[in-house]
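Here the structure comes first, spelled out in C-alpha coordinates, and everything after it is commentary.
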Amino acid sequence: MQFTTPELSYKAYGYKNSNSPVVQFTKQLKLVPSPSTSEGGTPTYVIPDDKILIKIHYAALNPVDIKLRQVAFPLLAYFSRAGPYIGIGRDFSGEVVSVGSKITNVKVGEFIQGFYPGTFADGTVGEYFSVSPSELVFHPIPSNITPLQAAAWPLVFGTAITLASGLELEGKKILVLGGGTTVGRFLTQILHIEKAKEVVVTCSQSSREILTKYGATSIIDYKAHKNIANPVLESVKETGEFDHIIDCWGGNELFKHMNTIIKRGGYYKTIVGDYSGSSGGVLMCATFMGFYRMTMSKLNLSRYKYWLGLLPNDPTWMEKGCKYIEDGGIDIPIDHIYNFDEFDKALEKLEEHSAKGKLVVKVIGD
33 MQFTTPELSY KAYGYKNSNS PVVQFTKQLK LVPSPSTSEG GTPTYVIPDD KILIKIHYAA
93 LNPVDIKLRQ VAFPLLAYFS RAGPYIGIGR DFSGEVVSVG SKITNVKVGE FIQGFYPGTF
153 ADGTVGEYFS VSPSELVFHP IPSNITPLQA AAWPLVFGTA ITLASGLELE GKKILVLGGG
213 TTVGRFLTQI LHIEKAKEVV VTCSQSSREI LTKYGATSII DYKAHKNIAN PVLESVKETG
273 EFDHIIDCWG GNELFKHMNT IIKRGGYYKT IVGDYSGSSG GVLMCATFMG FYRMTMSKLN
333 LSRYKYWLGL LPNDPTWMEK GCKYIEDGGI DIPIDHIYNF DEFDKALEKL EEHSAKGKLV
393 VKVIGD
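Using our numbering, you'd call the opening residue of the sequence shown number 33 and step up by one each time.
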(Lines of atoms letter the chains of each structure in order from A and count residues from 1; the text may use other names and numbers.)
(Lines give C-alpha, C1' and ligand atoms only; values in the text may rest on other atoms or scores of the structure.)
Protein backbone atom coordinates (compact mmCIF):
# COMPACT_ATOMS: atom_id res chain seq x y z
CA MET A 1 0.00 0.00 0.00
CA GLN A 2 1.27 3.44 -0.92
CA PHE A 3 0.18 6.74 0.61
CA THR A 4 0.08 10.26 -0.79
CA THR A 5 1.11 11.98 2.46
CA PRO A 6 4.28 11.55 4.57
CA GLU A 7 2.22 10.69 7.65
CA LEU A 8 -0.73 8.38 8.33
CA SER A 9 -3.17 9.79 10.88
CA TYR A 10 -5.44 7.48 12.85
CA LYS A 11 -7.25 7.20 16.17
CA ALA A 12 -5.87 5.22 19.10
CA TYR A 13 -6.11 5.06 22.89
CA GLY A 14 -3.30 5.72 25.33
CA TYR A 15 -2.02 7.63 28.35
CA LYS A 16 0.97 9.78 29.24
CA ASN A 17 1.84 8.25 32.61
CA SER A 18 0.35 6.63 35.72
CA ASN A 19 -1.19 9.93 36.82
CA SER A 20 -3.00 10.66 33.57
CA PRO A 21 -6.25 9.22 32.18
CA VAL A 22 -6.56 6.96 29.17
CA VAL A 23 -7.76 9.10 26.26
CA GLN A 24 -8.46 8.80 22.57
CA PHE A 25 -5.82 10.63 20.55
CA THR A 26 -4.74 11.04 16.95
CA LYS A 27 -1.52 9.22 16.21
CA GLN A 28 0.78 10.37 13.43
CA LEU A 29 2.66 7.48 11.86
CA LYS A 30 5.71 8.66 9.94
CA LEU A 31 6.15 7.12 6.49
CA VAL A 32 9.14 7.09 4.15
CA PRO A 33 9.39 8.08 0.47
CA SER A 34 8.53 5.25 -1.88
CA PRO A 35 11.46 4.11 -4.05
CA SER A 36 8.99 3.47 -6.87
CA THR A 37 8.06 7.14 -7.24
CA SER A 38 9.04 8.19 -10.76
CA GLU A 39 11.11 11.30 -11.34
CA GLY A 40 8.79 14.25 -11.64
CA GLY A 41 5.83 12.15 -10.56
CA THR A 42 3.55 12.66 -7.58
CA PRO A 43 5.47 11.68 -4.41
CA THR A 44 4.19 8.57 -2.65
CA TYR A 45 5.08 7.11 0.71
CA VAL A 46 5.30 3.67 2.29
CA ILE A 47 5.95 2.23 5.73
CA PRO A 48 9.62 1.64 6.73
CA ASP A 49 11.20 -1.43 5.15
CA ASP A 50 11.39 -3.36 8.45
CA LYS A 51 7.74 -2.82 9.49
CA ILE A 52 4.29 -4.11 8.71
CA LEU A 53 1.05 -2.15 8.96
CA ILE A 54 -2.00 -3.91 10.39
CA LYS A 55 -5.54 -2.61 10.12
CA ILE A 56 -6.99 -3.60 13.48
CA HIS A 57 -10.38 -5.31 13.48
CA TYR A 58 -10.54 -6.27 17.18
CA ALA A 59 -8.34 -5.63 20.21
CA ALA A 60 -8.69 -7.23 23.64
CA LEU A 61 -7.90 -5.92 27.10
CA ASN A 62 -6.06 -7.75 29.87
CA PRO A 63 -5.27 -7.06 33.55
CA VAL A 64 -1.64 -6.45 32.55
CA ASP A 65 -2.81 -3.30 30.75
CA ILE A 66 -3.79 -1.86 34.13
CA LYS A 67 -0.55 -3.03 35.74
CA LEU A 68 1.61 -1.44 33.06
CA ARG A 69 -0.20 1.84 33.50
CA GLN A 70 0.21 1.68 37.29
CA VAL A 71 4.01 1.43 36.97
CA ALA A 72 4.31 4.09 34.24
CA PHE A 73 5.64 6.59 36.77
CA PRO A 74 5.91 10.11 35.27
CA LEU A 75 9.70 10.31 35.03
CA LEU A 76 10.05 6.73 33.80
CA ALA A 77 7.28 7.19 31.25
CA TYR A 78 8.71 10.49 30.01
CA PHE A 79 12.07 8.97 29.12
CA SER A 80 10.72 5.59 27.96
CA ARG A 81 7.80 6.32 25.67
CA ALA A 82 8.42 6.77 21.96
CA GLY A 83 5.75 9.45 21.49
CA PRO A 84 3.43 11.70 23.51
CA TYR A 85 1.29 8.72 24.55
CA ILE A 86 1.85 5.15 25.71
CA GLY A 87 -0.52 2.87 23.84
CA ILE A 88 -2.84 0.42 25.56
CA GLY A 89 -3.71 -3.13 24.50
CA ARG A 90 -1.58 -6.18 23.67
CA ASP A 91 -3.94 -8.59 21.86
CA PHE A 92 -5.38 -8.02 18.40
CA SER A 93 -6.70 -9.44 15.15
CA GLY A 94 -6.60 -7.66 11.84
CA GLU A 95 -5.56 -7.46 8.22
CA VAL A 96 -2.00 -6.84 7.06
CA VAL A 97 -2.40 -3.90 4.65
CA SER A 98 1.23 -2.95 4.01
CA VAL A 99 4.55 -4.79 4.27
CA GLY A 100 8.05 -3.29 4.31
CA SER A 101 10.47 -4.31 1.57
CA LYS A 102 12.63 -6.39 3.94
CA ILE A 103 9.73 -8.44 5.33
CA THR A 104 9.28 -11.96 3.95
CA ASN A 105 7.27 -13.86 6.59
CA VAL A 106 3.91 -12.14 6.13
CA LYS A 107 1.97 -10.90 3.10
CA VAL A 108 -0.46 -8.10 2.34
CA GLY A 109 -4.02 -9.34 2.68
CA GLU A 110 -3.31 -11.91 5.42
CA PHE A 111 -5.59 -11.89 8.46
CA ILE A 112 -3.52 -12.46 11.56
CA GLN A 113 -3.94 -12.63 15.33
CA GLY A 114 -1.19 -11.59 17.64
CA PHE A 115 0.33 -10.50 20.92
CA TYR A 116 2.55 -7.44 21.27
CA PRO A 117 4.82 -7.66 24.35
CA GLY A 118 6.10 -4.08 24.26
CA THR A 119 6.03 -1.89 27.37
CA PHE A 120 5.75 1.92 27.39
CA ALA A 121 5.27 1.70 23.63
CA ASP A 122 2.43 1.52 21.13
CA GLY A 123 -0.74 -0.44 21.86
CA THR A 124 -3.16 -2.46 19.80
CA VAL A 125 -6.30 -0.46 20.64
CA GLY A 126 -6.17 1.74 17.58
CA GLU A 127 -7.30 1.83 13.98
CA TYR A 128 -3.85 0.75 12.79
CA PHE A 129 -0.77 -0.81 14.32
CA SER A 130 2.71 -0.56 12.82
CA VAL A 131 5.37 -2.89 14.17
CA SER A 132 8.40 -4.95 13.24
CA PRO A 133 7.40 -8.64 12.96
CA SER A 134 10.39 -9.53 15.16
CA GLU A 135 8.71 -7.63 18.02
CA LEU A 136 5.43 -9.47 17.59
CA VAL A 137 4.11 -12.97 18.24
CA PHE A 138 1.57 -13.64 15.50
CA HIS A 139 -0.03 -16.34 13.38
CA PRO A 140 -2.68 -16.55 10.64
CA ILE A 141 -6.16 -16.85 12.15
CA PRO A 142 -7.30 -20.50 12.38
CA SER A 143 -10.09 -21.23 9.92
CA ASN A 144 -12.52 -22.45 12.59
CA ILE A 145 -12.67 -19.20 14.62
CA THR A 146 -13.72 -15.63 13.84
CA PRO A 147 -11.54 -12.48 13.99
CA LEU A 148 -13.44 -11.60 17.19
CA GLN A 149 -12.40 -14.87 18.84
CA ALA A 150 -8.89 -14.58 17.42
CA ALA A 151 -8.30 -11.31 19.29
CA ALA A 152 -9.61 -12.73 22.56
CA TRP A 153 -7.10 -15.49 23.25
CA PRO A 154 -3.39 -14.75 22.61
CA LEU A 155 -2.20 -13.39 25.96
CA VAL A 156 -4.48 -15.39 28.26
CA PHE A 157 -4.43 -18.74 26.45
CA GLY A 158 -0.72 -18.29 25.79
CA THR A 159 -0.18 -17.70 29.50
CA ALA A 160 -2.16 -20.85 30.35
CA ILE A 161 -0.05 -22.82 27.85
CA THR A 162 3.13 -21.40 29.41
CA LEU A 163 1.96 -22.35 32.92
CA ALA A 164 1.20 -25.91 31.83
CA SER A 165 4.39 -26.24 29.80
CA GLY A 166 6.98 -28.65 31.14
CA LEU A 167 4.62 -30.29 33.62
CA GLU A 168 3.67 -33.94 33.58
CA LEU A 169 -0.12 -33.69 33.61
CA GLU A 170 -1.62 -37.02 32.59
CA GLY A 171 -2.94 -38.90 35.60
CA LYS A 172 -1.90 -36.12 38.02
CA LYS A 173 -3.70 -34.14 40.71
CA ILE A 174 -3.52 -30.40 39.98
CA LEU A 175 -4.67 -27.39 42.01
CA VAL A 176 -5.62 -24.26 40.04
CA LEU A 177 -5.83 -21.07 42.10
CA GLY A 178 -8.03 -18.50 40.37
CA GLY A 179 -9.90 -20.86 38.09
CA GLY A 180 -12.51 -18.19 37.37
CA THR A 181 -9.97 -15.86 35.74
CA THR A 182 -9.73 -16.06 31.98
CA VAL A 183 -6.28 -17.65 32.27
CA GLY A 184 -7.72 -20.13 34.77
CA ARG A 185 -10.56 -21.03 32.41
CA PHE A 186 -8.16 -21.78 29.58
CA LEU A 187 -5.85 -23.67 31.93
CA THR A 188 -8.67 -25.88 33.20
CA GLN A 189 -9.47 -26.82 29.60
CA ILE A 190 -5.82 -27.67 28.91
CA LEU A 191 -5.62 -29.90 32.00
CA HIS A 192 -8.74 -31.75 30.85
CA ILE A 193 -7.38 -32.22 27.33
CA GLU A 194 -4.03 -33.43 28.70
CA LYS A 195 -5.87 -35.99 30.88
CA ALA A 196 -5.08 -34.76 34.37
CA LYS A 197 -6.73 -37.18 36.81
CA GLU A 198 -7.99 -34.62 39.31
CA VAL A 199 -8.38 -30.88 38.68
CA VAL A 200 -9.25 -28.89 41.81
CA VAL A 201 -10.00 -25.21 41.14
CA THR A 202 -10.70 -22.24 43.38
CA CYS A 203 -13.36 -19.82 42.15
CA SER A 204 -16.64 -18.18 43.12
CA GLN A 205 -20.00 -19.88 42.78
CA SER A 206 -20.68 -17.91 39.59
CA SER A 207 -17.87 -19.77 37.81
CA ARG A 208 -18.69 -23.25 39.13
CA GLU A 209 -20.87 -24.38 36.22
CA ILE A 210 -18.55 -23.31 33.41
CA LEU A 211 -15.41 -24.70 35.10
CA THR A 212 -17.13 -28.02 35.69
CA LYS A 213 -17.99 -28.03 31.98
CA TYR A 214 -14.33 -27.27 31.18
CA GLY A 215 -13.15 -30.28 33.17
CA ALA A 216 -12.75 -29.30 36.83
CA THR A 217 -13.39 -32.32 39.05
CA SER A 218 -13.67 -30.38 42.31
CA ILE A 219 -14.56 -26.76 43.10
CA ILE A 220 -13.44 -24.75 46.13
CA ASP A 221 -15.54 -21.61 46.64
CA TYR A 222 -12.93 -19.18 47.97
CA LYS A 223 -15.64 -16.80 49.19
CA ALA A 224 -16.94 -19.46 51.58
CA HIS A 225 -13.60 -19.78 53.41
CA LYS A 226 -11.66 -17.27 55.49
CA ASN A 227 -8.45 -19.12 54.65
CA ILE A 228 -8.19 -21.05 51.40
CA ALA A 229 -5.64 -23.38 53.00
CA ASN A 230 -8.38 -25.14 54.99
CA PRO A 231 -10.33 -26.66 52.07
CA VAL A 232 -7.06 -27.39 50.25
CA LEU A 233 -5.84 -29.37 53.26
CA GLU A 234 -9.17 -31.22 53.31
CA SER A 235 -8.61 -32.20 49.69
CA VAL A 236 -5.19 -33.56 50.63
CA LYS A 237 -6.77 -35.69 53.36
CA GLU A 238 -9.34 -37.06 50.91
CA THR A 239 -7.28 -37.85 47.81
CA GLY A 240 -3.65 -37.12 48.64
CA GLU A 241 -1.09 -34.41 47.95
CA PHE A 242 -1.11 -32.31 44.81
CA ASP A 243 1.40 -33.05 42.09
CA HIS A 244 1.44 -29.40 41.00
CA ILE A 245 -0.13 -26.08 41.98
CA ILE A 246 -0.79 -23.42 39.34
CA ASP A 247 -1.65 -19.92 40.53
CA CYS A 248 -3.55 -17.48 38.31
CA TRP A 249 -4.70 -15.12 41.07
CA GLY A 250 -2.14 -14.57 43.82
CA GLY A 251 -2.05 -15.23 47.55
CA ASN A 252 0.27 -16.60 50.21
CA GLU A 253 -2.04 -18.61 52.48
CA LEU A 254 -0.75 -21.99 51.31
CA PHE A 255 2.97 -21.53 51.81
CA LYS A 256 3.12 -22.37 55.52
CA HIS A 257 1.45 -25.70 54.68
CA MET A 258 3.38 -26.58 51.52
CA ASN A 259 5.18 -29.57 53.04
CA THR A 260 1.75 -31.13 53.52
CA ILE A 261 0.02 -29.91 50.36
CA ILE A 262 2.42 -30.59 47.49
CA LYS A 263 4.45 -33.65 46.59
CA ARG A 264 8.23 -33.45 46.78
CA GLY A 265 9.55 -32.24 43.43
CA GLY A 266 6.20 -30.83 42.36
CA TYR A 267 5.86 -27.41 40.76
CA TYR A 268 4.25 -24.25 42.11
CA LYS A 269 3.87 -22.04 39.04
CA THR A 270 2.47 -18.51 39.20
CA ILE A 271 2.04 -15.45 37.01
CA VAL A 272 1.11 -13.25 39.97
CA GLY A 273 3.34 -13.98 42.95
CA ASP A 274 2.18 -13.71 46.53
CA TYR A 275 -0.16 -10.77 46.06
CA SER A 276 -2.98 -9.92 43.69
CA GLY A 277 -3.60 -6.32 42.71
CA SER A 278 -2.34 -3.68 40.31
CA SER A 279 -0.67 -0.98 42.40
CA GLY A 280 3.05 -0.40 42.08
CA GLY A 281 3.65 -1.35 45.72
CA VAL A 282 1.79 -4.64 45.38
CA LEU A 283 3.70 -5.49 42.21
CA MET A 284 7.05 -4.81 43.86
CA CYS A 285 6.19 -6.92 46.92
CA ALA A 286 4.96 -9.77 44.74
CA THR A 287 8.10 -9.63 42.62
CA PHE A 288 10.40 -9.59 45.66
CA MET A 289 8.72 -12.58 47.29
CA GLY A 290 8.66 -14.39 43.97
CA PHE A 291 12.41 -14.01 43.47
CA TYR A 292 12.98 -15.10 47.07
CA ARG A 293 10.99 -18.29 46.54
CA MET A 294 12.68 -18.97 43.20
CA THR A 295 16.08 -18.60 44.85
CA MET A 296 15.13 -21.02 47.61
CA SER A 297 13.89 -23.43 44.96
CA LYS A 298 17.06 -23.23 42.85
CA LEU A 299 19.19 -23.82 45.94
CA ASN A 300 17.10 -26.93 46.70
CA LEU A 301 16.04 -25.43 50.03
CA SER A 302 12.36 -26.20 49.44
CA ARG A 303 10.62 -29.50 48.66
CA TYR A 304 8.90 -28.05 45.60
CA LYS A 305 10.01 -26.10 42.53
CA TYR A 306 8.82 -22.51 42.31
CA TRP A 307 8.35 -20.64 39.02
CA LEU A 308 7.23 -17.04 38.54
CA GLY A 309 7.04 -15.68 35.03
CA LEU A 310 5.16 -14.03 32.23
CA LEU A 311 4.30 -14.82 28.64
CA PRO A 312 7.52 -15.01 26.59
CA ASN A 313 8.12 -13.37 23.22
CA ASP A 314 8.30 -16.80 21.61
CA PRO A 315 6.18 -18.19 18.75
CA THR A 316 6.08 -21.69 20.27
CA TRP A 317 3.08 -21.02 22.51
CA MET A 318 1.21 -19.28 19.68
CA GLU A 319 1.69 -22.30 17.41
CA LYS A 320 0.59 -24.66 20.19
CA GLY A 321 -2.45 -22.50 20.93
CA CYS A 322 -3.51 -22.54 17.28
CA LYS A 323 -3.15 -26.33 17.25
CA TYR A 324 -5.41 -26.66 20.32
CA ILE A 325 -7.97 -24.37 18.67
CA GLU A 326 -7.83 -26.12 15.30
CA ASP A 327 -8.41 -29.45 17.03
CA GLY A 328 -11.71 -28.04 18.27
CA GLY A 329 -11.31 -28.68 21.99
CA ILE A 330 -11.00 -25.11 23.26
CA ASP A 331 -13.78 -22.67 24.14
CA ILE A 332 -12.78 -18.98 23.97
CA PRO A 333 -14.72 -17.17 26.72
CA ILE A 334 -15.77 -13.60 25.86
CA ASP A 335 -17.52 -11.46 28.46
CA HIS A 336 -18.43 -8.38 26.43
CA ILE A 337 -17.77 -6.64 23.11
CA TYR A 338 -17.43 -2.85 23.08
CA ASN A 339 -17.46 -0.47 20.14
CA PHE A 340 -14.32 1.60 19.62
CA ASP A 341 -15.92 4.75 21.03
CA GLU A 342 -17.07 2.80 24.12
CA PHE A 343 -13.52 2.14 25.26
CA ASP A 344 -14.06 3.95 28.57
CA LYS A 345 -16.73 1.38 29.48
CA ALA A 346 -14.39 -1.48 28.61
CA LEU A 347 -11.64 -0.01 30.79
CA GLU A 348 -14.06 0.51 33.68
CA LYS A 349 -15.15 -3.13 33.46
CA LEU A 350 -11.52 -4.26 33.37
CA GLU A 351 -10.71 -2.25 36.49
CA GLU A 352 -13.64 -3.86 38.34
CA HIS A 353 -12.01 -7.32 37.92
CA SER A 354 -15.49 -8.76 37.40
CA ALA A 355 -15.30 -10.01 33.81
CA LYS A 356 -16.09 -13.68 33.16
CA GLY A 357 -14.07 -13.89 29.97
CA LYS A 358 -12.35 -11.44 27.67
CA LEU A 359 -13.27 -7.81 27.10
CA VAL A 360 -12.94 -7.10 23.39
CA VAL A 361 -12.97 -3.75 21.59
CA LYS A 362 -14.48 -3.78 18.11
CA VAL A 363 -12.47 -1.35 16.02
CA ILE A 364 -13.93 -2.02 12.57
CA GLY A 365 -15.30 -5.54 12.99
CA ASP A 366 -15.28 -8.33 10.44
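Here a beta-carbon is modelled for each residue, glycine too, at the ideal position from N, C-alpha and C.
>> So if DSSP puts H368 in a beta bridge, which residue, or which two residues, is it bridged to?
In response: Counting from 1 along the sequence shown, the entry for residue 368 is found at position 336. L391.
> Does the Cβ of G341 have 16 or more other Cβ atoms within 10 Å, making it buried, or fewer, making it exposed?
Replying inline: The sequence position of residue 341 within the sequence shown is 309, counting from 1. Exposed, by the Cβ-count rule.
>> Suppose only complete runs of 4+ residues qualify. What are the alpha helix (DSSP H) ranges in the segment 228 to 316, listed by chain order?
In response: 240 to 246, 261 to 271, 290 to 293
> Which full runs of the beta strand (DSSP E) of 3+ residues lie inside the segment 203 to 227, going along the chain?
Replying inline: 205 to 209
> Between S334 and the rest of its own chain, which residues show a CB-CB distance below 7 Å, the 5 nearest in sequence each way excluded?
Replying inline: For the purposes of this step, residue 334 is identified with residue 302 of the sequence shown, where counting begins at 1. Counting only Cβ-Cβ distances below 7 Å, and skipping sequence neighbours, we find M328.
>> If you follow the beta strand (DSSP E) that V157 is in, where does it begin and where does it stop?
In response: Position 125 of the sequence shown, counted from the first residue, corresponds to residue 157. Taken as a continuous stretch (DSSP letters only), V157 belongs to no beta strand (DSSP E), as it is neither H nor E.
> Between F111 and A104, what straight-line distance do the alpha-carbon atoms span, to the nearest angstrom?
Replying inline: The residue you call residue 111 lines up with position 79 of the sequence shown. The residue you call residue 104 lines up with position 72 of the sequence shown. Taking the straight line from one Cα to the other gives about 10 Å.
>> Once DSSP output is grouped into helix, strand and coil, what is the label at G73?
In response: Here the question's residue 73 lines up with position 41 in the sequence shown. Coil.
> Considering E351, what are the terminal residues of the alpha helix (DSSP H) in which it resides?
Replying inline: For the purposes of this step, residue 351 is taken as residue 319 along the sequence shown, with counting starting at 1. Taken as a continuous stretch (DSSP letters only), the alpha helix (DSSP H) holding E351 covers 347 to 358.
> Can you tell me the Cα-Cα spacing of A378 and K288, whole angstroms?
Replying inline: Residue numbering aside, residue 378 sits at position 346 when the sequence shown is read from its first letter. Residue numbering aside, residue 288 sits at position 256 when the sequence shown is read from its first letter. If I take the Cα positions, the gap works out to 38 Å.
> Does DSSP classify Y117 as helix, strand or coil?
Replying inline: If you number the sequence shown from 1, residue 117 lands on position 85. Correct three-state label for Y117: coil.
> How is D363 classed by DSSP in three states: helix, strand or coil?
Replying inline: Stepping through the sequence shown from its first residue, residue 363 is reached at position 331. It is coil, neither helix nor strand.
>> Restricting to Cα atoms, I'd like to know which of I242, E226, G190, A182 is closest to E202.
In response: By 1-based counting over the sequence shown, the position of residue 202 is 170. The candidate whose alpha carbon is nearest that of E202 is E226.
> Alpha carbon to alpha carbon, what distance is there between A387 and K381?
Replying inline: Along the sequence shown, one-based indexing puts residue 381 at 349. Along the sequence shown, one-based indexing puts residue 387 at 355. Straight-line Cα distance between these residues: approximately 7 Å.
> If T234 sits next to I252, beta carbons under 8 Å apart, how far is it from one beta carbon to the other, in whole angstroms?
Replying inline: On the sequence shown, position 202 is the one that residue 234 refers to. On the sequence shown, position 220 is the one that residue 252 refers to. 5 Å between Cβ atoms; contact.
> Taking the continuous beta strand (DSSP E) assigned at E127, which residues delimit it?
Replying inline: On the sequence shown, position 95 is the one that residue 127 refers to. Taken as a continuous stretch (DSSP letters only), the beta strand (DSSP E) holding E127 covers 123 to 131.
> In the structure shown, what three-state DSSP assignment does Q34 receive?
Replying inline: Taking the first residue of the sequence shown as position 1, residue 34 is located at position 2. Reduced to three states, the DSSP call for Q34 is coil.
> A109 by DSSP, collapsed to three states: which one?
Replying inline: Indexing the sequence shown from 1 puts residue 109 at position 77. It is helical.
> Under a Cβ-count criterion, where at least 16 other Cβ atoms within 10 Å of its own Cβ denotes burial, should N137 be classed as buried or exposed?
Replying inline: Counting from one through the sequence shown, the residue named residue 137 turns up at place 105. Looking at its Cβ environment, which holds fewer than 16 other Cβ atoms inside 10 Å, N137 is exposed.
>> Rounded to whole angstroms, what is the Cα-Cα separation between Y47 and P95?
In response: For this step, residue 47 is matched to residue 15 along the sequence shown. For this step, residue 95 is matched to residue 63 along the sequence shown. Their Cα atoms are separated by approximately 16 Å.
> Which partner residues of F143 appear in the DSSP bridge assignment?
Replying inline: On the sequence shown, position 111 is the one that residue 143 refers to. E127.
>> Which of the three DSSP states is assigned to T58 in this structure?
In response: Taking the first residue of the sequence shown as 1, we reach residue 58 at position 26. Correct three-state label for T58: strand.
> F170 bridges to which residues according to DSSP?
Replying inline: Here residue 170 corresponds to residue number 138 of the sequence shown, with the count starting at 1. The partner list for F170 (beta bridge, DSSP) reads G146.
>> As a quick exercise: from L265, P186, K269, pick the residue whose alpha carbon is nearest that of P344.
In response: Against the sequence shown, residue 344 aligns to sequence position 312. Residue P186 is the option with its Cα nearest to P344.
>> Give me the DSSP bridge partner(s) of Y338.
In response: One-based indexing of the sequence shown puts residue 338 at position 306. Per DSSP, Y300.
> Any contact of the segment 147 to 165 with the segment 214 to 222, i.e. 3+ C-beta pairs under 8 Å?
Replying inline: no
> Which residue from A92, Y338, I294, P174 puts its Cα closest to that of V304?
Replying inline: Reading the sequence shown from its first residue, position 272 is the one you call residue 304. The shortest C-alpha separation from V304 is found at Y338.
> Within this structure, are the beta carbons of K139 and V131 separated by less than 8 Å?
Replying inline: Position 107 of the sequence shown, counted from the first residue, corresponds to residue 139. Position 99 of the sequence shown, counted from the first residue, corresponds to residue 131. Their beta carbons are under 8 Å apart, which means K139 touches V131 by this criterion.
>> Give me, in chain order, the residues of the same chain whose beta-carbon lies closer than 7 Å to that of V64; leave out the 5 immediate sequence neighbours on both sides.
In response: Here residue 64 corresponds to residue number 32 of the sequence shown, with the count starting at 1. Excluding positions up to five away in sequence, the list reads Y77, V78, P80.
>> I'd like to know if the segment 274 to 283 and the segment 181 to 200 are in contact, where contact means that at least 3 CB-CB pairs between them fall below 8 Å.
In response: yes
> Of the choices E159, E127, Y42, whose alpha-carbon is the least far from that of P179?
Replying inline: If you number the sequence shown from 1, residue 179 lands on position 147. When only C-alpha atoms are compared, the closest one is E127.
>> To the nearest angstrom, how far is the alpha carbon of P172 from that of S125?
In response: One-based indexing of the sequence shown puts residue 172 at position 140. One-based indexing of the sequence shown puts residue 125 at position 93. Using only the alpha carbons, I get a separation of about 9 Å.
> Cβ of A91 within 8 Å of Cβ of V393?
Replying inline: Start at 1 with the first residue of the sequence shown, and residue 91 comes out as number 59. Start at 1 with the first residue of the sequence shown, and residue 393 comes out as number 361. Yes, these two residues count as a Cβ contact at 8 Å.
> Would Y324 be called buried (16 or more neighbouring beta carbons within 10 Å of its own) or exposed?
Replying inline: Start at 1 with the first residue of the sequence shown, and residue 324 comes out as number 292. By the neighbour-count rule (16 or more Cβ atoms within 10 Å), Y324 is not buried but exposed.
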